[in-house]
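Below you'll find the structure, written out as structure tokens, and then a few comments.
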Amino acid sequence: MNLKTNPKFLALIVIIEILYFYVMYFFLLFSFFLYFGSGAGSESETAINSGKIANLIIILPPIIYNFFRIYKLKIETKSEKRKAFIIATIIYIMFLTYQIYCGIISL
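Just add 12 to the spot in the sequence shown (first one is 1) and you have our numbering.
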């Protein structure tokens, strides 16, 4: 079994996914703060449900994109890039698990 992968490509994928996470996190944090405020409106049911939906918007797109790329590369039989996407998905899920464990995001 050949476990060879392109480390530059893998690093690029992981960096883009982590940058996406932080950019979307701060964008949604500040936009929800501007929309709901800091008083009683921020504790409403609408604000809490919006936060849960925002967490899914932050988490799911990179994972879904990686799975589609893995499937497409499986059809094209480009195993080196496919392995890079698989490893990047595993690293991103570990990153998300750490963020949930630290309390940055919650589900």
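In this text, a Cβ means the ideal position worked out from N, Cα and C, and glycines have one as well.
Close-in-space but distant-in-sequence residues of the same chain around residue i (CB under 6 Å, 5 per side omitted)
i      : result
Ile117 : Asn67, Gln111
Phe21  : Ala96
Neighbourhood of residue i by C-beta distance below 7 Å, restricted to the same chain and skipping five residues each side
i      : result
Ser54  : Phe48
Ile99  : Thr17, Leu22
Met13  : Interpretation of Met13 is limited by its pLDDT of 48, a score under 50 that renders its predicted location unreliable; no figure is taken from the coordinates.
Pro74  : Glu29, Tyr32, Tyr104
Leu108 : Ile71
Thr58  : none
Buried/exposed call for residue i, threshold 16 Cβ in 10 Å
i     : result
Phe97 : buried
Ile70 : buried
Ile27 : exposed
Ile76 : exposed
Ile65 : exposed
Segment contact flag, the segment 31-45 with the segment 81-93, C-beta cutoff 8 Å, min 3 pairs: With a cut-off of 8 Å, the segment 81-93 and the segment 31-45 do not count as touching, because too few Cβ pairs lie within range.
Continuous beta strand (DSSP E) assignments of at least 3 residues falling wholly in the segment 54-87: Counting only runs of 3 or more, we get nothing.
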